[in-house]
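A.B. asks:
Numbering (this note's numbering), first residue to last: 67 to 510.
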C-alpha cells in the first residue's frame, strides 16, 4: 500500500527521523488516503517527546502539550505532532486521568477507537496496520480496536462516533461493536451537549442521513434526543402518508441538500406531531398546529444542543412555515415571502418539496406542480424587485416622522399598514402615493 504524503508532511516526518526519532502519519488521514479521499488534516505521531519535537522545528506551539501534542508550523500550514502515548484510566467516561508517553507505536495504536483509525504510515516503513484496519475498509466495517466495551467505557462518545463514521463512509457496524453500543448507551449521559452535537451534525449532513435510525435503534437518542424516539413511535394513519413520523422524517432528510440548517429543519419539521396527534372517528390521524408548536420545540431542542442563534433562527423559520400551502398566486407568494423572509424562501421551497417526496403518492404530482408554480412566482418577484418587506418601501420611518407622526409604536404600525397595501398592489410602492397615505392616516 502506497500513500502519497503531501510534501510538508513528508518534511515533518523526515526531520524527526533525521533526528533519530520514529514518525508516521496516523489516523483519519491514513484512512481517507486509502479510500481515495483527500484528508482534511494530517496528524503525525512520533516516538519523540514533546520537548524533543520542539527542538527539531523552528516554529511550534504548545496546543496540547499535557497530552503530548505540539503544533508544528511549516510552509504556512499547521500539523499536530503527538508523542506515542498510553492513556490512563478514564474515570469520567470522557477523558483519561493522565497519559504516559511510550516508545512503542503499537501501544499508541492500541488506545485508538476503531481499526480504520488505528493505522500509521511513512515512506520508510510503509503501512503499519496491526488491527486489520485495511481489511475492515475493504469490507466496509466499523470495528473497535480490541474489546468494544473497554473502548466505549473509556469514552462514551465513541458510540455516537461509530454511527457517524457509519453514515459518512456508508459502512456497517460490526456485531460485537453494535452490541456494546446498545448495552452501554446510557453512559452517553456523561458526555457534554457540545460533543454530542458535533457528532450528530456530521452524521445528519453526511451522504447517508438515514443512518439516524440507528441512533434510535441503539438507544442513544433516548439519552439526548427523546423527541426522536417519540417520532419513531408515532404512526400516521392518513391518505397523505405511508410512513410513521420518524421514517417520513428520514425520507425528507434524504431529499434536502447536506447543509446543516436544511438537514436540521428536515429532522425537526414534524417534531411536534406526537404531541399534536388526534385520531378522528374514521381512524384518520390529524396533527393540527404541529408547525407552530414544532418551531417552539425546535428552538428548545437546538438550544439544548448548544447551537448558535443563526442556526436556531434559520431552522425555526423553516419548521414554522413548512406546512403552509397558499394558492400559488403572485399576491399569495408575496405574502408568504414577507412572512418567511426572501432569504429563507429557497430553503422553505426545498423543504416543502422534500416533504412531499416523504409522503404517499396521493396527489403528489399536484403538490409538486403547486410548488413549481410558487417557485416560479417567487423568482419573478425577486427579479422584478417587488416589495416584500418594510425596507423595500419607497418611504422610511424618517419620512413618517417628518410627516408629523410622533416617535413610538405608531410609526411601526403605519409602516406595516403601508407594506400590507404594497404587497396587495406593488404599483402603490410610489413615494408620493405613500406619503399621501401617511398624511391621510395620521389624521385618523
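Even glycine gets a Cβ: it sits at the ideal position worked out from N, Cα and C. Remember, predicted model here, so these are calculated numbers, not experimental data.
For residue 186, which residues in the same chain have their Cβ closer than 6 Å to its Cβ, ignoring the five residues on either side in sequence?
C.D. replies: Translated into positions along the chain shown, residue 186 becomes position 120. Closer than 6 Å at the Cβ level, and outside the excluded window around residue 186, lie 90, 92 and 194.
A.B. asks: For residue 223, I'd like the list of residues in its chain whose CB is within less than 6 Å of its CB, leaving aside the five on either flank, ordered along the chain.
C.D. replies: Taking the chain shown and counting its residues from 1, the one referred to as residue 223 is at position 157. Cβ neighbours of residue 223 beyond the five flanking positions: 257 and 261.
A.B. asks: How many whole angstroms separate the CB atoms of residue 470 and residue 508, which I take to be in contact at a CB cut-off of 8 Å?
C.D. replies: Within the chain shown, the letter at position 404 stands for residue 470. Within the chain shown, the letter at position 442 stands for residue 508. Right, their Cβ atoms sit about 6 Å apart.
A.B. asks: Which two residues bound the contiguous alpha helix (DSSP H) that contains residue 499?
C.D. replies: The residue given as residue 499 occupies position 433 in the chain shown. That run of the alpha helix (DSSP H) goes 497-508.
A.B. asks: If you measure between the beta carbons of residue 277 and residue 246, is that distance less than 8 Å?
C.D. replies: The count along the chain shown starts at 1 and reaches residue 277 at position 211. The count along the chain shown starts at 1 and reaches residue 246 at position 180. The answer is no: Cβ separation not under 8 Å.
A.B. asks: Below 8 Å, can you find three or more Cβ-Cβ pairs linking the segment 443-459 to the segment 405-422?
C.D. replies: Because the criterion of three Cβ pairs below 8 Å is met, the segment 443-459 and the segment 405-422 touch.
A.B. asks: Under a three-way DSSP split, which group does residue 298 fall into?
C.D. replies: To locate residue 298, count along the chain shown from 1; it is residue 232. DSSP places residue 298 in helix when its eight states are reduced to three.
A.B. asks: For residue 176, tell me which candidate among 226, 199 and 67 has the shortest Cα-Cα distance.
C.D. replies: Within the chain shown, numbered from 1, the residue matching residue 176 stands at position 110. Selected option, being the one with the closest Cα: 199.
A.B. asks: Tell me the DSSP secondary structure of residue 79 in three-state form.
C.D. replies: Position 13 of the chain shown, counted from the start, is the residue given in the question as residue 79. Helix, per DSSP.
A.B. asks: Does DSSP classify residue 177 as helix, strand or coil?
C.D. replies: The residue labelled residue 177 in the question sits at position 111 within the chain shown. DSSP places residue 177 in the coil class of the three-state scheme, outside both helix and strand.
A.B. asks: Does the segment 452-460 come within contact of the segment 347-360, defined as at least 3 CB pairs closer than 8 Å?
C.D. replies: no
A.B. asks: Could you give the C-beta distance for residue 230 and residue 286, rounded to a whole number, given that I count them as a contact under 8 Å?
C.D. replies: Here residue 230 is taken as the residue at index 164 of the chain shown, counted from 1. Here residue 286 is taken as the residue at index 220 of the chain shown, counted from 1. Actually they are not in contact, since the Cβ atoms of residue 230 and residue 286 sit about 11 Å apart, beyond 8 Å.
A.B. asks: For a minimum of 4 consecutive residues, which ranges assigned as the alpha helix (DSSP H) are wholly contained in the segment 98-154?
C.D. replies: 116-122
A.B. asks: Could you give the C-beta distance for residue 331 and residue 381, rounded to a whole number, given that I count them as a contact under 8 Å?
C.D. replies: Residue mapping note: residue 331 aligns to position 265 of the chain shown, counting from 1. Residue mapping note: residue 381 aligns to position 315 of the chain shown, counting from 1. Sure, about 5 Å apart at Cβ, within 8 Å.
A.B. asks: Which residues does DSSP pair with residue 195 in a beta bridge?
C.D. replies: Here the question's residue 195 lines up with position 129 in the chain shown. For residue 195, which the question treats as bridged, DSSP gives the partners 185.
A.B. asks: DSSP beta-bridge partners for residue 351?
C.D. replies: Here residue 351 is taken as the residue at index 285 of the chain shown, counted from 1. Its beta-bridge partners are 345.
A.B. asks: Within 10 Å of its beta-carbon, does residue 514 have 16 or more other beta-carbons around it, so buried, or fewer, so exposed?
C.D. replies: Here the chain comprises residues numbered 67 to 510, so residue 514 is not present and cannot be evaluated.
A.B. asks: In the DSSP output, what is residue 46 paired with across the bridge?
C.D. replies: The structure shown does not extend to residue 46, since the chain is modelled only from 67 to 510, so the question has no answer here.
A.B. asks: Name, in chain order, the residues that DSSP records as bridge partners for residue 166.
C.D. replies: Residue mapping note: residue 166 aligns to position 100 of the chain shown, counting from 1. Assignment of beta-bridge partners to residue 166 by DSSP yields 152.
A.B. asks: When we look at the beta-carbon of residue 348 and count the other beta-carbons within 10 Å, is it buried (16 or more) or exposed?
C.D. replies: Locating residue 348 in the chain shown gives position 282, counting from the first residue. Classification of residue 348: exposed, given that the 10 Å Cβ count is below 16.
A.B. asks: For residue 148 and residue 317, I'd like the C-alpha separation in whole angstroms.
C.D. replies: The residue labelled residue 148 in the question sits at position 82 within the chain shown. The residue labelled residue 317 in the question sits at position 251 within the chain shown. Whole-angstrom Cα-Cα distance: 42 Å.
A.B. asks: Going by the DSSP bridge assignment, what does residue 233 pair with across the sheet?
C.D. replies: The sequence position of residue 233 within the chain shown is 167, counting from 1. Its beta-bridge partners do not exist; DSSP assigns none.
A.B. asks: If you scan the segment 341-425 from start to end, which runs of the alpha helix (DSSP H) of 4 or more residues do you find wholly inside it?
C.D. replies: 356-370, 375-387, 396-406 and 411-423
A.B. asks: With distances taken from CA atoms, which of 453, 183 and 132 is nearest residue 151?
C.D. replies: Residue numbering aside, residue 151 sits at position 85 when the chain shown is read from its first letter. If we check each option's Cα against that of residue 151, 132 comes out closest.
A.B. asks: Could you check whether the Cβ of residue 76 sits closer than 7 Å to any heavy atom belonging to the ligand ZN?
C.D. replies: Summarising the ligand content, the structure contains no ligands, and the ligand ZN is consequently not present.
A.B. asks: Below 8 Å on the Cβ atoms is my guess for residue 70 versus residue 145; work out the distance and round it to an integer in Å.
C.D. replies: As a position in the chain shown, residue 70 is number 4, starting the count at 1. As a position in the chain shown, residue 145 is number 79, starting the count at 1. The Cβ separation is near 16 Å, so there is no contact.
A.B. asks: Is residue 102 buried or exposed, if buried means 16 or more other CB atoms sit within 10 Å of its CB?
C.D. replies: As a working note, residue 102 is residue 36 in the chain shown. Counting the other Cβ atoms within 10 Å of the Cβ of residue 102 gives fewer than 16, which makes it exposed.
A.B. asks: Considering only C-alpha positions, which residue in the set 275, 122 and 322 is nearest to residue 234?
C.D. replies: In the chain shown, counting from the first residue as 1, residue 234 sits at position 168. Considering only alpha carbons, the answer is 275.
A.B. asks: Where does residue 89 sit, in a helix, a strand or coil, going by DSSP?
C.D. replies: Taking the first residue of the chain shown as 1, we reach residue 89 at position 23. Here residue 89 sits in strand by DSSP.
A.B. asks: May I have the straight-line CA-CA distance separating residue 251 from residue 279, to the nearest angstrom?
C.D. replies: As a working mapping, residue 251 is identified with position 185 in the chain shown. As a working mapping, residue 279 is identified with position 213 in the chain shown. In a straight line, the C-alpha of residue 251 is about 15 Å away from that of residue 279.
A.B. asks: Kindly indicate which three-state DSSP category residue 72 falls into: helix, strand or coil?
C.D. replies: Mapped onto the chain shown, residue 72 falls at position 6. Residue 72 falls in the coil class under three-state DSSP.
A.B. asks: Three or more beta-carbon pairs under 8 Å between the segment 109-124 and the segment 133-142, yes or no?
C.D. replies: yes
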